[in-house]
Amino acid sequence: MVATPLTMEDICTMSDGAAVCVLASEAVASKVCNQLVRISGVGSGSDAMRMADRPHGKVILLPHEREADYRRLKYPGVHSFRGGRMAAKLAYEMAGIRNPREELSFIELHDAYTSSEIQTYEDLGLCKYGEGGRFVESGVPFLPGVDYGLELPKQGGLPVNPSGGLLACGHPVGATGLMQAVFAFWQLQGSLGKHLGNDKLQVKNAMRGLIHSHAGTGTYITVSIMEAV
Amino acid sequence: MENKGTIVYGVDPLVVHDHYEIDYRHSYAEDSPFFIGLTKGQLLGSRCTACKYTYATPRAHCMECGETTAWLELPLTGRVHTFTTCHYGGELFLKETPFTLILVEFDGADSLLLSRLKGVPPERVRIGLPVAAHFSKTPSFKVTDVWFEPADKA
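Line by line, the protein sequences are chains A and B.
Residue 103 in my numbering sits at position 103 of the first sequence, with consecutive numbering throughout.
For my numbering, count along the second sequence from 1 and bump the result up by 1000.
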């Protein structure tokens, strides 16, 4: 079922697919791989199954935010995912990130719908709640050096979904989150060109990336931080 | 069914008509007062006996602190918190598309109630619209026994 204001083009395709990651201790990993990637932060958050059960609490604040920013916000309502905010907060704390907008090289996030990408910018604290639309228009989450035919004053400040995300890749449930980890791994190795045939989507000097996966409707969300070693 | 033969819609792949039906004895358990309330024109929510968090969609236990809740009667008017227009739906509602689903916010309640909004075309629905509860005169103990319409029409 497609409900307003979304249209078919705003919704990813449920597809087949597979992805694999190998986790190993540093000692073992350094023997089998010459370009390691380290997982420096992991967080998860959950919320009530029913959207109607969620509204009217306080915003879970990130280090660069203040309570005064959200004095009149009914939170999380149906516009935000408290589970996503909690997952981000825990992952940032573990990785020592104070301001995600400044301290990440790229993000691969769960854009099953165009709308959920904007919601996730806010949950991850890339901009304040309510500013996701303007954040897109500023151009920050676009790739630098690509001609989109749009006027984007801050193009490429923090590329989001250089892989194309779920909207471009499809959404093989179960493999989707690992697919993001694989793309992040290649970005941090600087090896995207080798795997995709050209390096058009390679983020230059990618040092630290975030992957974000989502189950249900904001019911269970995970955020992981990956870093080049 | 034996005498009627099998309806075949296609052979590559083979697609046939089959009948499927199930009777279900369904308990509403601790949610029962809510559905009985609908038959009396009452909208029941619940309030936590410890932290006072108030649920417009009743819950027997508080999701904030885990304590038991007590039933309370919600006002029969509220506001549209948000809405969506459905252009497709389950078989039961297919003939009614496009229809509008709303989350209703009530004074004095912290959470919301999902319901249908009738009596207003989708393009005229807006956030904050005052709405009033309407109850089926032939209730069937289902959530569809209650729906909302714009309050100024009531």
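Just so it is clear, CB atoms sit at the ideal spot from N, CA and C, and this is done for glycine as well.
Scanning chain B for C-beta atoms nearer than 9 Å to the C-beta of A/T13 yields nothing, as the closest lies near 17 Å away. If you look at A/S213, you'll find it in the beta strand (DSSP E) that goes R208 to A215. Residues of chain A with a Cβ closer than 7 Å to the Cβ of B/C1086 are, in chain order, M1 and A3.
Under the Cβ criterion of 8 Å, B/L1113 is counted among the residues facing chain A.
B/S1046 and B/T1068 have their C-alpha atoms some 9 Å from each other. In the three-state DSSP reduction, A/A3 falls in the strand class (E or B). In this structure, the straight-line span from the alpha carbon of A/G193 to that of A/L23 is close to 23 Å. Counting only runs of 4 or more residues that sit fully inside the region 162-223 of chain A, the alpha helix (DSSP H) segments are 165-169, 176-189 and 192-196, in chain order. Nearest neighbour of A/Y92 by Cα position, chosen from A/A68, A/I107, A/T13 and A/G41, turns out to be A/G41.
Residue environment analysis places B/V1008 among the exposed positions, since fewer than 16 neighbouring C-beta atoms fall within 10 angstroms of its C-beta.
Contact between A/T219 and A/G83 holds: CB atoms are separated by about 7 Å, below the 8 Å threshold. Note that the region 1107-1114 of chain B touches the region 48-65 of chain A; at least 3 beta-carbon pairs, one per stretch, sit closer than 8 Å. In the three-state reduction of the DSSP assignment, A/M94 falls in the helix class, which pools H, G and I.
The beta carbons of A/M51 and B/L1103 sit about 7 Å from each other, so the pair counts as a contact at 8 Å. Annotation for B/G1037: the continuous alpha helix (DSSP H) segment containing it runs S1032 to T1039. At a cut-off of 8 Å between C-beta atoms, B/L1117 does not count as an interface residue with respect to chain A. Within the region 49-61 of chain A, contact with chain B at the beta-carbon level (separation under 9 Å) is assigned to R50, M51, A52, D53, R54, P55, H56 and G57. B/R1047 sits in a strand when the DSSP states are folded into three classes.
Of the other Cβ atoms in all chains shown, 16 or more fall within 10 Å of the Cβ of A/N161; this residue is therefore buried.
Sorting B/F1093, B/I1127, B/A1151 and B/T1077 by C-alpha distance to the C-alpha of A/M1 places B/F1093 at the top. Around the Cβ of B/P1058, a 10 Å sphere holds 16 or more other Cβ atoms; the residue is buried. Listed as beta-bridge partners of B/V1011 by DSSP are B/L1014.
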